[in-house]
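Down below is the structure, laid out as C-alpha coordinates.
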Amino acid sequence: MSWSDGSTGGLKKPISKGQRVVIVHAGSEDGFVPNALLLFKAGTKSGDYHDNMNYLNYEKWLRCQLLPNLPPNSVVVVDNASYHNKQSDPAPTANAKKVYMKKWLQEKEIPYDENMLKPQLFSLIKAHKEQHKTYSIDKILSNHNHSVLRLPPYHPDLNPIEMAWAAIKGYVSSKNVDWSTGKVIELVKEKVAVMGAPEWGRICQKIKDIEAEYVKSDHVVDLVTDEFVIFADDDCDTDEESSDDDDDGHDYDSEKTIKNTSSASADPRPSTSS
244 MSWSDGSTGG
254 LKKPISKGQR
264 VVIVHAGSED
274 GFVPNALLLF
284 KAGTKSGDYH
294 DNMNYLNYEK
304 WLRCQLLPNL
314 PPNSVVVVDN
324 ASYHNKQSDP
334 APTANAKKVY
344 MKKWLQEKEI
354 PYDENMLKPQ
364 LFSLIKAHKE
374 QHKTYSIDKI
384 LSNHNHSVLR
394 LPPYHPDLNP
404 IEMAWAAIKG
414 YVSSKNVDWS
424 TGKVIELVKE
434 KVAVMGAPEW
444 GRICQKIKDI
454 EAEYVKSDHV
464 VDLVTDEFVI
474 FADDDCDTDE
484 ESSDDDDDGH
494 DYDSEKTIKN
504 TSSASADPRP
514 STSS
(Lines of atoms letter the chains of each structure in order from A and count residues from 1; the text may use other names and numbers.)
(Lines give C-alpha, C1' and ligand atoms only; values in the text may rest on other atoms or scores of the structure.)
Protein backbone atom coordinates (compact mmCIF):
# COMPACT_ATOMS: atom_id res chain seq x y z
CA MET A 1 0.00 0.00 0.00
CA SER A 2 1.21 3.54 -0.54
CA TRP A 3 0.41 6.62 1.47
CA SER A 4 0.33 10.18 0.22
CA ASP A 5 -1.57 13.29 1.24
CA GLY A 6 -3.48 13.05 -2.03
CA SER A 7 -4.88 9.57 -1.43
CA THR A 8 -8.60 8.84 -1.15
CA GLY A 9 -9.77 9.30 2.42
CA GLY A 10 -6.45 10.86 3.37
CA LEU A 11 -5.37 12.61 6.54
CA LYS A 12 -7.72 15.20 8.00
CA LYS A 13 -4.84 17.66 8.32
CA PRO A 14 -1.80 18.01 6.05
CA ILE A 15 1.71 17.03 7.09
CA SER A 16 4.55 19.39 6.23
CA LYS A 17 3.53 21.43 3.23
CA GLY A 18 4.50 19.83 -0.04
CA GLN A 19 5.76 16.62 1.56
CA ARG A 20 4.37 13.11 1.30
CA VAL A 21 5.18 9.91 3.10
CA VAL A 22 5.27 6.66 1.10
CA ILE A 23 4.50 3.43 2.95
CA VAL A 24 4.96 -0.01 1.42
CA HIS A 25 3.98 -3.11 3.34
CA ALA A 26 2.27 -6.50 3.02
CA GLY A 27 0.12 -8.54 5.35
CA SER A 28 -2.09 -11.60 5.74
CA GLU A 29 -4.33 -13.21 8.35
CA ASP A 30 -1.17 -13.73 10.42
CA GLY A 31 -0.45 -9.98 10.52
CA PHE A 32 2.02 -7.77 8.69
CA VAL A 33 4.89 -9.61 7.02
CA PRO A 34 7.90 -9.25 9.38
CA ASN A 35 10.60 -6.80 8.31
CA ALA A 36 8.68 -5.78 5.17
CA LEU A 37 7.81 -2.20 6.16
CA LEU A 38 9.27 0.47 3.90
CA LEU A 39 8.84 4.14 4.83
CA PHE A 40 10.33 7.12 3.04
CA LYS A 41 9.55 10.74 2.23
CA ALA A 42 8.41 11.16 -1.34
CA GLY A 43 10.73 13.24 -3.48
CA THR A 44 13.76 12.63 -1.25
CA LYS A 45 16.40 9.94 -1.35
CA SER A 46 16.26 7.39 1.47
CA GLY A 47 19.01 4.82 1.03
CA ASP A 48 18.37 3.38 -2.42
CA TYR A 49 14.79 4.66 -2.51
CA HIS A 50 13.93 8.03 -4.00
CA ASP A 51 11.18 9.98 -5.78
CA ASN A 52 7.69 8.51 -5.45
CA MET A 53 6.57 4.90 -5.61
CA ASN A 54 7.46 3.52 -9.03
CA TYR A 55 8.39 0.15 -10.46
CA LEU A 56 12.10 0.41 -9.61
CA ASN A 57 11.35 1.18 -5.97
CA TYR A 58 8.68 -1.51 -5.82
CA GLU A 59 10.93 -4.18 -7.33
CA LYS A 60 13.74 -3.37 -4.88
CA TRP A 61 11.31 -3.64 -1.96
CA LEU A 62 9.95 -6.89 -3.40
CA ARG A 63 13.40 -8.48 -3.73
CA CYS A 64 15.02 -7.11 -0.57
CA GLN A 65 12.22 -6.97 1.97
CA LEU A 66 9.23 -9.02 0.88
CA LEU A 67 10.74 -12.15 -0.68
CA PRO A 68 13.13 -12.95 2.19
CA ASN A 69 10.21 -12.84 4.64
CA LEU A 70 7.34 -14.46 2.71
CA PRO A 71 6.08 -17.87 3.87
CA PRO A 72 6.67 -20.65 1.29
CA ASN A 73 4.25 -20.93 -1.63
CA SER A 74 2.47 -17.64 -0.92
CA VAL A 75 -0.16 -15.98 -3.09
CA VAL A 76 0.57 -12.25 -3.34
CA VAL A 77 -2.59 -10.23 -3.94
CA VAL A 78 -2.09 -6.94 -5.80
CA ASP A 79 -4.30 -4.25 -7.28
CA ASN A 80 -3.89 -2.60 -10.68
CA ALA A 81 -1.28 0.01 -9.76
CA SER A 82 1.12 0.59 -12.64
CA TYR A 83 4.15 -0.74 -10.72
CA HIS A 84 2.33 -4.06 -10.24
CA ASN A 85 1.64 -4.40 -13.95
CA LYS A 86 4.92 -3.66 -15.68
CA GLN A 87 5.22 -6.17 -18.51
CA SER A 88 8.43 -8.14 -18.81
CA ASP A 89 8.18 -8.61 -22.58
CA PRO A 90 5.61 -6.16 -23.97
CA ALA A 91 4.27 -6.73 -27.46
CA PRO A 92 5.47 -4.33 -30.16
CA THR A 93 3.26 -1.31 -30.80
CA ALA A 94 1.94 -0.17 -34.16
CA ASN A 95 4.93 2.18 -34.44
CA ALA A 96 7.51 -0.56 -33.95
CA LYS A 97 9.76 -1.56 -36.83
CA LYS A 98 8.89 -4.66 -38.84
CA VAL A 99 12.04 -6.41 -37.69
CA TYR A 100 10.92 -6.14 -34.04
CA MET A 101 7.43 -7.31 -34.90
CA LYS A 102 8.82 -10.38 -36.64
CA LYS A 103 11.24 -11.05 -33.80
CA TRP A 104 8.40 -10.99 -31.25
CA LEU A 105 6.29 -13.36 -33.38
CA GLN A 106 9.23 -15.72 -33.80
CA GLU A 107 9.93 -15.79 -30.06
CA LYS A 108 6.29 -16.63 -29.38
CA GLU A 109 6.34 -19.28 -32.15
CA ILE A 110 3.51 -17.57 -34.00
CA PRO A 111 3.65 -18.34 -37.74
CA TYR A 112 3.60 -15.45 -40.20
CA ASP A 113 4.34 -14.89 -43.87
CA GLU A 114 7.59 -13.12 -44.72
CA ASN A 115 5.72 -11.08 -47.32
CA MET A 116 3.23 -9.67 -44.77
CA LEU A 117 2.98 -5.91 -44.61
CA LYS A 118 3.46 -4.04 -41.35
CA PRO A 119 -0.30 -3.60 -40.67
CA GLN A 120 -0.80 -7.33 -41.21
CA LEU A 121 1.98 -8.21 -38.80
CA PHE A 122 0.55 -5.88 -36.19
CA SER A 123 -2.92 -7.39 -36.60
CA LEU A 124 -1.37 -10.79 -35.93
CA ILE A 125 0.38 -9.43 -32.83
CA LYS A 126 -2.85 -7.92 -31.52
CA ALA A 127 -4.63 -11.24 -31.96
CA HIS A 128 -2.08 -13.07 -29.79
CA LYS A 129 -0.60 -10.54 -27.37
CA GLU A 130 -3.05 -11.12 -24.50
CA GLN A 131 -2.19 -14.80 -24.18
CA HIS A 132 1.52 -13.97 -24.16
CA LYS A 133 1.33 -11.10 -21.68
CA THR A 134 3.71 -11.56 -18.74
CA TYR A 135 4.34 -9.27 -15.78
CA SER A 136 7.72 -8.56 -14.25
CA ILE A 137 6.73 -9.13 -10.62
CA ASP A 138 4.98 -12.39 -11.56
CA LYS A 139 8.23 -13.76 -12.96
CA ILE A 140 10.21 -12.63 -9.91
CA LEU A 141 7.75 -14.23 -7.49
CA SER A 142 7.33 -17.36 -9.62
CA ASN A 143 11.09 -17.92 -9.50
CA HIS A 144 10.69 -18.21 -5.71
CA ASN A 145 7.63 -20.50 -5.90
CA HIS A 146 5.10 -17.76 -5.17
CA SER A 147 2.17 -16.69 -7.35
CA VAL A 148 0.29 -13.44 -7.99
CA LEU A 149 -3.45 -12.82 -7.82
CA ARG A 150 -4.65 -9.56 -9.40
CA LEU A 151 -7.83 -7.99 -8.11
CA PRO A 152 -10.55 -6.88 -10.53
CA PRO A 153 -10.15 -3.24 -11.61
CA TYR A 154 -11.85 -0.63 -9.42
CA HIS A 155 -12.36 -3.01 -6.50
CA PRO A 156 -10.39 -1.66 -3.51
CA ASP A 157 -13.14 -3.22 -1.38
CA LEU A 158 -11.56 -6.61 -2.12
CA ASN A 159 -8.09 -5.59 -0.97
CA PRO A 160 -7.34 -6.22 2.75
CA ILE A 161 -4.41 -3.80 2.70
CA GLU A 162 -6.87 -0.94 2.06
CA MET A 163 -8.61 -1.64 5.38
CA ALA A 164 -5.27 -1.93 7.15
CA TRP A 165 -4.29 1.38 5.59
CA ALA A 166 -7.52 2.99 6.85
CA ALA A 167 -6.76 1.76 10.38
CA ILE A 168 -3.26 3.28 10.23
CA LYS A 169 -4.56 6.62 8.96
CA GLY A 170 -7.17 6.68 11.69
CA TYR A 171 -4.53 6.03 14.33
CA VAL A 172 -2.24 8.76 12.99
CA SER A 173 -5.12 11.23 12.80
CA SER A 174 -6.14 10.59 16.40
CA LYS A 175 -2.62 10.85 17.83
CA ASN A 176 -0.92 13.50 15.74
CA VAL A 177 -0.69 17.06 17.03
CA ASP A 178 2.01 18.93 15.14
CA TRP A 179 1.60 17.02 11.83
CA SER A 180 5.31 17.01 11.10
CA THR A 181 6.61 14.38 8.70
CA GLY A 182 8.76 12.86 11.44
CA LYS A 183 5.76 12.49 13.74
CA VAL A 184 3.70 10.86 11.00
CA ILE A 185 6.44 8.28 10.38
CA GLU A 186 6.76 7.60 14.10
CA LEU A 187 3.01 7.02 14.51
CA VAL A 188 2.84 4.78 11.44
CA LYS A 189 5.53 2.55 12.92
CA GLU A 190 3.64 2.46 16.23
CA LYS A 191 0.40 1.31 14.65
CA VAL A 192 2.07 -1.24 12.37
CA ALA A 193 3.82 -2.75 15.41
CA VAL A 194 0.52 -3.41 17.24
CA MET A 195 -1.53 -4.65 14.27
CA GLY A 196 -1.23 -8.38 14.79
CA ALA A 197 -3.12 -11.49 13.75
CA PRO A 198 -6.39 -10.65 15.60
CA GLU A 199 -6.91 -7.32 13.78
CA TRP A 200 -5.71 -8.70 10.45
CA GLY A 201 -7.95 -11.74 10.89
CA ARG A 202 -11.00 -9.47 11.25
CA ILE A 203 -9.96 -7.50 8.17
CA CYS A 204 -9.54 -10.64 6.05
CA GLN A 205 -12.89 -11.99 7.24
CA LYS A 206 -14.59 -8.76 6.12
CA ILE A 207 -13.05 -9.20 2.67
CA LYS A 208 -14.30 -12.80 2.53
CA ASP A 209 -17.80 -11.59 3.43
CA ILE A 210 -17.68 -9.03 0.61
CA GLU A 211 -16.50 -11.72 -1.82
CA ALA A 212 -19.37 -13.94 -0.73
CA GLU A 213 -21.84 -11.16 -1.48
CA TYR A 214 -20.41 -10.75 -4.98
CA VAL A 215 -20.63 -14.50 -5.61
CA LYS A 216 -24.22 -14.48 -4.34
CA SER A 217 -25.05 -11.61 -6.69
CA ASP A 218 -23.51 -13.50 -9.60
CA HIS A 219 -25.83 -16.44 -8.97
CA VAL A 220 -28.84 -14.09 -8.99
CA VAL A 221 -27.73 -12.60 -12.31
CA ASP A 222 -27.32 -16.11 -13.76
CA LEU A 223 -30.88 -16.99 -12.74
CA VAL A 224 -32.33 -13.76 -14.11
CA THR A 225 -30.39 -14.19 -17.35
CA ASP A 226 -31.68 -17.76 -17.75
CA GLU A 227 -35.25 -16.57 -17.22
CA PHE A 228 -34.72 -13.76 -19.70
CA VAL A 229 -33.51 -16.22 -22.33
CA ILE A 230 -36.50 -18.50 -21.73
CA PHE A 231 -38.99 -15.64 -21.90
CA ALA A 232 -37.28 -14.24 -24.99
CA ASP A 233 -37.61 -17.62 -26.69
CA ASP A 234 -41.29 -17.75 -25.72
CA ASP A 235 -41.80 -14.27 -27.15
CA CYS A 236 -40.18 -15.34 -30.42
CA ASP A 237 -42.57 -18.29 -30.63
CA THR A 238 -45.50 -15.99 -29.85
CA ASP A 239 -44.39 -13.49 -32.47
CA GLU A 240 -44.24 -16.24 -35.07
CA GLU A 241 -47.71 -17.43 -34.13
CA SER A 242 -49.01 -13.86 -34.25
CA SER A 243 -47.55 -13.30 -37.70
CA ASP A 244 -49.35 -16.42 -38.91
CA ASP A 245 -52.67 -15.16 -37.59
CA ASP A 246 -52.74 -11.37 -37.94
CA ASP A 247 -56.54 -11.28 -37.87
CA ASP A 248 -56.68 -12.06 -34.16
CA GLY A 249 -55.71 -8.45 -33.37
CA HIS A 250 -53.73 -9.38 -30.22
CA ASP A 251 -50.70 -7.24 -29.34
CA TYR A 252 -47.96 -8.74 -27.15
CA ASP A 253 -45.70 -6.39 -25.21
CA SER A 254 -43.09 -7.38 -22.67
CA GLU A 255 -40.60 -5.37 -20.64
CA LYS A 256 -37.53 -6.93 -19.06
CA THR A 257 -34.80 -5.38 -16.90
CA ILE A 258 -31.52 -6.96 -15.91
CA LYS A 259 -29.20 -5.48 -13.29
CA ASN A 260 -25.45 -5.69 -13.82
CA THR A 261 -23.25 -6.59 -10.86
CA SER A 262 -19.50 -6.81 -10.47
CA SER A 263 -17.93 -10.16 -9.80
CA ALA A 264 -14.81 -11.29 -8.00
CA SER A 265 -12.94 -14.57 -8.06
CA ALA A 266 -11.56 -16.06 -4.89
CA ASP A 267 -8.34 -18.06 -4.57
CA PRO A 268 -8.63 -20.77 -1.89
CA ARG A 269 -4.93 -20.61 -0.96
CA PRO A 270 -3.52 -18.44 1.86
CA SER A 271 -2.70 -15.02 0.49
CA THR A 272 -0.66 -11.92 1.22
CA SER A 273 -1.89 -8.45 0.23
CA SER A 274 0.57 -5.76 -0.78
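The sequence shown begins at 244 in our numbering and counts up by one.
Beta carbons: idealized from backbone N, C-alpha and C, even for Gly.
- request: Could you pull out every residue in the same chain whose Cβ sits closer than 7 Å to the Cβ of L310, ignoring the five residues on either side in sequence?
  value: H387
task: Write down the C-beta distance between V321 and V391 rounded to the nearest angstrom, noting that I regard them as a contact closer than 8 Å.
output: 6 Å
message: Going residue by residue through the region 392 to 428, where are the continuous alpha helix (DSSP H) segments of at least 4 residues, counting only ones entirely within it?
response: 403 to 418
query: Do you know offhand how far K284's Cα is from N402's?
result: 24 Å
- prompt: In three-state terms, what does DSSP make of I266?
  reply: strand
- prompt: How about K434 and Y457: are their beta carbons less than 8 Å apart?
  reply: no
Sheet register partners of F283 (DSSP bridge): V265
- prompt: Which whole-angstrom value is the C-beta distance of T515 and V276, which I expect to be below 8 Å?
  reply: 6 Å
message: Quick test of the definition: if touching needs 3 or more C-beta pairs under 8 Å, does the region 332 to 342 touch the region 354 to 370?
response: yes
- prompt: For Y495, does the three-state DSSP call read helix, strand or coil?
  reply: With a pLDDT of only 29 at Y495, under 50, the local geometry of the prediction cannot be trusted, and the value read off the model is given with reservation. Three-state result, Y495: coil.
task: Report all residues from its chain with a CB closer than 8 Å to the CB of W443; omit the five preceding and five following residues, and keep chain order.
output: G270, S271, E272, D273, G274, F275, P403, A407
message: Distance check for W422 and E532, CA to CA, integer angstroms please.
response: The structure shown does not extend to residue 532, since the chain is modelled only from 244 through 517, so no value can be given for it.
message: Going by C-alpha to C-alpha distance, which of D356, D332, E357, S366 sits closest to E350?
response: D332
Three-state class that DSSP yields for G439 in the structure shown: coil
- prompt: Going by other Cβ atoms of all chains shown within 10 Å of its Cβ, with 16 needed for buried, is V420 buried or exposed?
  reply: exposed
task: State the beta-bridge partners of Q330 as determined by DSSP.
output: Y378
message: Under DSSP, the beta strand (DSSP E) around V229 begins and ends at which residues?
response: Because the chain in this structure spans residues 244 to 517, residue 229 falls outside the shown range and cannot be described.
query: Would you say Y298 and Q330 are within 8 Å of each other, going by their C-beta atoms?
result: no
- request: Pull up the distance between the alpha-carbon of S245 and that of L348, whole angstroms please.
  value: Below a pLDDT of 50, predicted positions are generally treated as unreliable, and S245, at 35, falls in that range; no measurement from the model is reported.
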